[in-house]
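S.K.:
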Amino acid sequence: MLKIATWNVNSLRVRLPQLLQWLTLQQPDILALQETKIQDQHFPLLEIQAAGYHALFSGQKTYNGVALLSRYPGFDLLTDLPNYPDEQRRVVAATYEDQLRIVNVYVPNGASVGSAKYEYKLTWLKQLSQYLQATLIRYPRLMVLGDFNIAPTDQDIYDPANWEEAVLVSPLERAALQEILALGLHDTFRLVDSPLNTFSWWDYRAAAFKRNHGARIDLILASTALVSSVTSCIIDSIPRGWERPSDHAPVVAGVQIN
DNA sequence: ATGGCAGGCTATGCCTGA
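Structure follows, in structure tokens:
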């Protein structure tokens, strides 16, 4: 059984103690991190290695930044979407044992519908879709996970009426996600028994976590070849209640690979 | 209707996040 996880840590520098604590508790085999906000030369590699993990990362100062932690080394590192030059560090992919390809994404937030950042989000998703289409041919065993900044359906946000047409739920970004799913990728949370009102992000403001005013925007997608191997997908909301938490909770999928 | 909290920067308010 492999435990494949994703967590937007909102600053790896600040969240390193919580990350090390969570690694001890959950012992994931592969963990995708987003919003590390740290340049590669400052990545806390020694602390991660001391915890028993390999690391691949693509960071930048202040914003964005992604990393893959793993029990076993990863190969064939990719840190850019092909034919899409972008200074923003939002993707890191690698191959692990049994030809399992892992793509970690930090999808742009989109600011507000119609803004330049929203257009960037849609363009980025289109580029991601093209890349994943090609990747699925080469790697039938594919998992795509990370902060998608999209709540797939109205079930995935606490108050759909209040969010109508806004970023995270707007029709165009949901359509872009559906296009990715239509390639043959499946939201693992919906492959298993999925309780209502389960979210992965809660605003820091207005006691949103306490009131469970959240959204499920952190996803773990599995390719069709892996669907029958997915045994669980849970959102571990406990670290969201720790001291000085990230605003996102980790998501963990169990995959039975023979 | 608005703003609220948190992180990072070279800042001591402003930008970004979602």
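Reminder that position 126 of the first sequence reads as 128 in the numbering used here, one-by-one numbering, no gaps.
Where is the CB? At the ideal position from N, CA and C, for every residue including glycine.
1. Taking the alpha-carbon of T81 as reference, which of R176, L198, R15, L130 has the nearest alpha-carbon?
2. Strictly by DSSP, which residues pair up with V169?
3. Less than 8 Å between C-beta atoms, sequence neighbours within five positions excluded: which residues of the same chain meet that for F45?
4. Short check: CB of I40 to CB of F150, under 8 Å?
5. Could you check what DSSP says for D158 in three-state terms: helix, strand or coil?
6. DSSP three-state call for W244: helix, strand or coil?
7. If you reduce the DSSP assignment to three classes, tell me which class Q90 lands in.
8. What does DSSP give as the partner residue(s) for Q36 in the beta ladder?
9. Considering only the alpha carbon of each residue, which of L79, P252, L124, V257 lies closest to A224?
10. Excluding the five sequence neighbours on either side, which residues of its own chain have a C-beta within less than 7 Å of the C-beta of A168, listed in chain order?
11. Skipping 5 residues on each side, what residues in its chain have a beta carbon closer than 6 Å to that of R17?
12. Quick one: what's got a C-beta closer than 6 Å to D156's C-beta in the same chain, skipping five residues either side?
13. Using DSSP bridges, identify the partner residues of F59.
14. From the DSSP output, in three-state form, read off V105 for me.
15. Which residue wins for smallest C-alpha separation from F191, given the options I222, S230, W204, R91?
M.R.: Reading from the atomic positions:
1. L130
2. None, per the DSSP bridge assignment.
3. L14, T38, A57, F59, G61, A69
4. no
5. helix
6. coil
7. In the structure shown, Q90 sits in coil (DSSP, three-state: anything other than H, G, I, E or B).
8. N10, V68
9. V257
10. Excluding positions up to five away in sequence, the list reads V115.
11. V11, S248
12. P162
13. A69
14. Reduced to three states, the DSSP call for V105 is strand.
15. I222
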